[in-house]
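Engineer: Under the numbering used here, the first residue of the first sequence carries the number 645, and numbering increases by one thereafter.
Think of the CB as a built atom: it goes at the ideal place given N, C-alpha and C, for glycine as much as any other residue.
These figures come from a predicted structure and were not determined experimentally.
To start, I am sharing the structure in question, which I have written as structure tokens.
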Amino acid sequence: MLDKNLLAEHPEIVKESLQRRNATDSLASVDAVGSLVAERKALVFERDNLNAERNRVSKDIGGLYKAGKPQEAEAMKARVAEVAERLKVLEVELTGVEAKIEAIAMDLPNLLHAEVPPGKDESANVVVKTWGEPRRFDFEPQAHVEVGAKLGILDFDRSAKLAGARFSVLSGAGARLDRALVSFFLDTHTTKNGYREVAVPYIVQRHVAEGTGQLPKFEADMFKLAEPLNGSDAFLVPTAEVPVTNLHREEILDDDQLPIRYCAFTPCFRSEAGSAGKDVRGLIRQHQFHKVELVWIVRPEDAEQAHRDLVSHAEGLLEALGLPYRTVMLCGGDTGFGAHRCYDIEAWIPTQGYREISSCSVFSDFQSRRMNLRYRPASTDGKKSKPKLPWTLNGSGLPTGRVIVAILENYQQADGSVVIPEVLRPYMGGLEAIEPSV
RNA sequence: GGAGAGAUGGCCGAGCGGUUGAAGGCGCUGGAUUCGAAAUCCAGUGUGCGUGUAAGCGUACCGAGGGUUCGAAUCCCUCUCUCUCCGCCA
């Protein structure tokens, strides 16, 4: 969520960012919030003054009773009743105005980083790095669906029997590969990259998903439980970003707790509403997949470096696995709702080209404000400093499904076998290659 | 699922419906003392919103939301959470 005072005082800044996002339909909202914020201030001012008066008079009434002058006290009650009447009206108005502000503000996307280029879609993204050479095959490379089927490790017919489209069954070395990747990712992050591993709930309440920005706007993309959970609407997590970023919601962190860096493995559940017809085959787009996620909470001034580090941690995994990739900075139109700036890492898939495999975003204070997450900057003058909004970041590091796609396709051999990347072999019981089962 | 107890500031813990943002203690910060430290003494020590250049001032908040009242941390209702015991269960 954006700062409401910024919306009221500098609408032009917000509008400029919306233009770069190609989100012109939101421009009117900015002006709407601006006038509502002014309206709210007037209401708050009157409300506070009336409250002050009521408190004053009520105190006097108490004093009069004590002094044994009940008649005089009774006489003053009329004024309080009058004030109370007006206050009731004001409260209702104020609640209404604040709800309106909130509703509009919650639907406005984050401000973009100054260097994010304008653009409508991925065609305007900027390639900032390319690593590795796509392999030259001396045979026709097969799609991962075929490679996996022939090896007997990937089965979409049976997953369809269980749950329908967009699910998968991994078996044998395939299932183990999935687990090996999770372990490899987590081990790398905890021992090499300095993250603390957390294991979190896979179901969250509504306000949690509002905190990171999935709600209220993208409810259609989430799986919602049919029954309320502990008194609240509840959703399956679409990514560990949601529970992990919210870990410290409503807290005031000490300066020396920062930066906080968490990694977490969770299944991810996405309804993928509106993706009809896209990637219907294979592991690319699933209703359920596994992912290790990286989450940072940092001082604003440390965010630039943090974003670079975050990207390099995701890239490092692909390099360790020997998978060619390129990194792109998303243009305004392709940058996610809450993101301030986002880099996508795209792995090379022989039968598909470069495909997104990780998305690393910095959210500035957008999520912190929604979560009411703050930190207290170190004091510079001996006095306690005021709480401030930290910046949050997150990135995939990495999902297993798309990495399995990349491994099956990039490491396939003419005989149908798939070589296991060296770094994974310790996690695969020393297995060097997955051989055809026939 | 059943029965009970509870939810107050960073922590512990008081709080007859009236001047309580909230006693007391601990912790923390600054100062005094000391060669330095411990101990001791003094002072300070929540968050949001509004207003102000600022100091400050006003207002709200004692799990959440409603209600009663001139006035609610204190009374009433609903919800959520935590703890204990029983049952069930991975």
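#1: Around the C-beta of L669, are 16 or more other C-beta atoms found within 10 angstroms, so that it is buried, or is it exposed?
#2: Identify every residue that forms a DSSP beta bridge with K841.
#3: Looking only at its own chain, which residues have a Cβ that is under 6 Å from the Cβ of G855, when we skip the five neighbours before and after it?
#4: Alpha carbon to alpha carbon, what distance is there between D692 and A719?
#5: Just to confirm my understanding: we take R664, look at its own chain, exclude 5 residues before and 5 after, and list those with CB closer than 7 Å. What are they?
#6: Roughly how many whole angstroms lie between the Cα atoms of K618 and E742?
#7: For R779 and A1058, what's the separation of their Cα atoms in angstroms?
#8: So, for R985: in the same chain, excluding its five sequence neighbours on each side, which residues have a beta-carbon less than 6 Å away from its beta-carbon?
#9: For the putative contact between C907 and H833, defined by C-beta atoms under 8 Å, what is the C-beta separation to the nearest angstrom?
#10: Indicate the three-state DSSP secondary structure (helix, strand or coil) for V772 in the structure shown.
#11: Going by DSSP, what residues sit across from A878 in a beta bridge?
#12: Taking 9 Å as the cut-off, decide whether the C-beta atoms of A749 and K685 are in contact.
#13: Would you grab the beta carbon distance between T1036 and Q1056 for me? Rounded to a whole angstrom, and I think it's under 8 Å.
#14: With a threshold of 8 Å, are at least 3 pairs of Cβ atoms found where one atom belongs to the stretch 671-689 and the other to the stretch 781-797?
#15: What's the call for Q930, buried or exposed, on a 16-neighbour Cβ count within 10 Å?
#16: Could you check whether I847 and F879 sit closer than 9 Å to each other, using their CB atoms as the reference points?
#17: Please report the residue range of the alpha helix (DSSP H) in which G1045 lies.
#18: Do you know how far the Cα of G918 is from the Cα of A640?
#19: Less than 9 Å between the beta carbons of P882 and M866, yes or no?
#20: Can you tell me whether L812 is buried or exposed? The criterion is at least 16 other CB atoms within 10 Å of its CB, across all chains shown.
#21: Please report the straight-line C-alpha distance between E766 and D751, rounded to a whole angstrom.
#22: For I1001, is the beta carbon positioned less than 8 Å from some heavy atom of the ligand GDP?
#23: Mapping the DSSP letters down to three states, classify K754 as helix, strand or coil.
#24: Touch check for the stretch 933-953 and the stretch 713-730: three-plus C-beta pairs under 8 Å?
#25: Could you compute how far the alpha carbon of R730 sits from the alpha carbon of N769?
#26: Rounded to the nearest angstrom, what separates T774 and E1066 at their Cα positions?
#27: Please report the straight-line C-alpha distance between F829 and K805, rounded to a whole angstrom.
#28: Go ahead and label Y1019 buried or exposed: buried means 16 or more other beta carbons lie within 10 angstroms of its beta carbon, across all protein chains shown.
#29: To the nearest angstrom, report how far apart A747 and D675 are at their CA atoms.
#30: Tell me which residues share the same chain as M645 and place their Cβ nearer than 7 Å to its Cβ, disregarding the 5 neighbours each side in the sequence.
#31: My output table needs one value for T1036: the three-state DSSP class, helix, strand or coil.
#32: Helix, strand or coil for L814 per DSSP?
#33: At which residues does the beta strand (DSSP E) containing Y969 begin and terminate?
#34: Helix, strand or coil for S1002 per DSSP?
#35: What are the boundary residues of the alpha helix (DSSP H) that D704 is part of?
#36: Please classify Y709 as buried or exposed, where buried requires at least 16 other C-beta atoms within 10 Å of its C-beta.
Structural biologist: The short version:
#1: Against the first sequence, residue 669 aligns to sequence position 25. In the sequence on display, residue 669 carries Asp and not Leu. Classification of D669: exposed, given that the 10 Å Cβ count is below 16.
#2: For this step, residue 841 is matched to residue 197 along the first sequence. Lys is not the amino acid found at residue 841; the sequence shown has Glu there. C907.
#3: In the first sequence, counting from the first residue as 1, residue 855 sits at position 211. Contacts found: N890, R893, R1014 and M1015.
#4: Taking the first residue of the first sequence as position 1, residue 719 is located at position 75. Taking the first residue of the first sequence as position 1, residue 692 is located at position 48. Counting only the Cα atoms, D692 lies some 24 Å from A719.
#5: As a first step, residue 664 is located in the first sequence; it is residue number 20 there, counting from the start. Excluding residues within five positions, the ones whose Cβ falls inside 7 Å are L756, V760, P762 and G976.
#6: With the chain represented from 645 up to 1082, any question about residue 618 goes unanswered, as that position is not in the structure.
#7: Position 135 of the first sequence, counting from 1, holds the residue named residue 779. Position 414 of the first sequence, counting from 1, holds the residue named residue 1058. Each residue's Cα considered, the two are about 13 Å apart.
#8: Numbered from 1 along the first sequence, position 341 holds the residue referred to as residue 985. Result list for R985: H757, V760 and V1006, in chain order.
#9: Within the first sequence, residue 907 is the residue found at index 263, counting from 1. Within the first sequence, residue 833 is the residue found at index 189, counting from 1. At roughly 4 Å, the Cβ-Cβ gap stays under 8 Å, so C907 and H833 are in contact.
#10: Residue 772 sits at position 128 when you count from the first residue of the first sequence. DSSP places V772 in strand when its eight states are reduced to three.
#11: Locating residue 878 in the first sequence gives position 234, counting from the first residue. Its beta-bridge partners are Q849.
#12: Along the first sequence, one-based indexing puts residue 749 at 105. Along the first sequence, one-based indexing puts residue 685 at 41. The answer is no: Cβ separation not under 9 Å.
#13: Reading the first sequence from its first residue, position 392 is the one you call residue 1036. Reading the first sequence from its first residue, position 412 is the one you call residue 1056. 39 Å between Cβ atoms; not a contact.
#14: With the cut-off at 8 Å, the stretch 671-689 and the stretch 781-797 do not touch.
#15: Translated into positions along the first sequence, residue 930 becomes position 286. Here Q930 is buried, its C-beta having at least 16 other C-beta atoms within 10 Å.
#16: Here the question's residue 879 lines up with position 235 in the first sequence. Here the question's residue 847 lines up with position 203 in the first sequence. A distance below 9 Å separates the beta carbons of F879 and I847.
#17: As a first step, residue 1045 is located in the first sequence; it is residue number 401 there, counting from the start. T1044 to N1054 is the span of the alpha helix (DSSP H), which, as asked, contains G1045.
#18: Nothing can be reported for residue 640: it is not among the residues displayed for the chain, which extend from 645 to 1082.
#19: The count along the first sequence starts at 1 and reaches residue 882 at position 238. The count along the first sequence starts at 1 and reaches residue 866 at position 222. Result yes, Cβ atoms of P882 and M866 sit closer than 9 Å.
#20: As a first step, residue 812 is located in the first sequence; it is residue number 168 there, counting from the start. For clarity, residue 812 is Ser in the given sequence; the question names Leu instead. With a 10 Å radius around the Cβ and a threshold of 16 neighbouring Cβ atoms, S812 comes out buried.
#21: Indexing the first sequence from 1 puts residue 766 at position 122. Indexing the first sequence from 1 puts residue 751 at position 107. In a straight line, the C-alpha of E766 is about 22 Å away from that of D751.
#22: The model on display carries no ligand, and the ligand GDP is accordingly not part of it.
#23: Stepping through the first sequence from its first residue, residue 754 is reached at position 110. Checking the sequence shown, residue 754 turns out to be Asn, not Lys. Assignment of N754 by DSSP, reduced to helix, strand and coil, places it in the coil class.
#24: With a cut-off of 8 Å, the stretch 713-730 and the stretch 933-953 do not count as touching, because too few Cβ pairs lie within range.
#25: Here residue 730 corresponds to residue number 86 of the first sequence, with the count starting at 1. Here residue 769 corresponds to residue number 125 of the first sequence, with the count starting at 1. When rounded, the separation of the alpha-carbon atoms in R730 and N769 is 55 Å.
#26: Numbered from 1 along the first sequence, position 130 holds the residue referred to as residue 774. Numbered from 1 along the first sequence, position 422 holds the residue referred to as residue 1066. So the alpha carbons of these two residues sit roughly 22 Å apart.
#27: Residue mapping note: residue 829 aligns to position 185 of the first sequence, counting from 1. Residue mapping note: residue 805 aligns to position 161 of the first sequence, counting from 1. In a straight line, the C-alpha of F829 is about 31 Å away from that of K805.
#28: Translated into positions along the first sequence, residue 1019 becomes position 375. The Cβ neighbour count for Y1019, taken over all protein chains shown within 10 Å, is at least 16; the residue is labelled buried.
#29: Counting from 1 along the first sequence, the entry for residue 747 is found at position 103. Counting from 1 along the first sequence, the entry for residue 675 is found at position 31. Cα to Cα, A747 sits roughly 14 Å from D675.
#30: To locate residue 645, count along the first sequence from 1; it is residue 1. Taken in chain order, the residues that qualify are A749, M750, F1010, R1013 and R1014.
#31: Your numbering for residue 1036 matches position 392 in the first sequence. T1036 falls in the strand class under three-state DSSP.
#32: Position 170 of the first sequence, counted from the first residue, corresponds to residue 814. L814 falls in the strand class under three-state DSSP.
#33: In the first sequence, residue 969 corresponds to position 325, counting from 1. For Y969, the enclosing beta strand (DSSP E) stretches over residues Y969 to M973.
#34: Position 358 of the first sequence, counted from the first residue, corresponds to residue 1002. S1002 falls in the strand class under three-state DSSP.
#35: Taking the first sequence and counting its residues from 1, the one referred to as residue 704 is at position 60. For D704, the enclosing alpha helix (DSSP H) stretches over residues L671 to K710.
#36: Position 65 of the first sequence, counted from the first residue, corresponds to residue 709. Counting the other Cβ atoms within 10 Å of the Cβ of Y709 gives fewer than 16, which makes it exposed.
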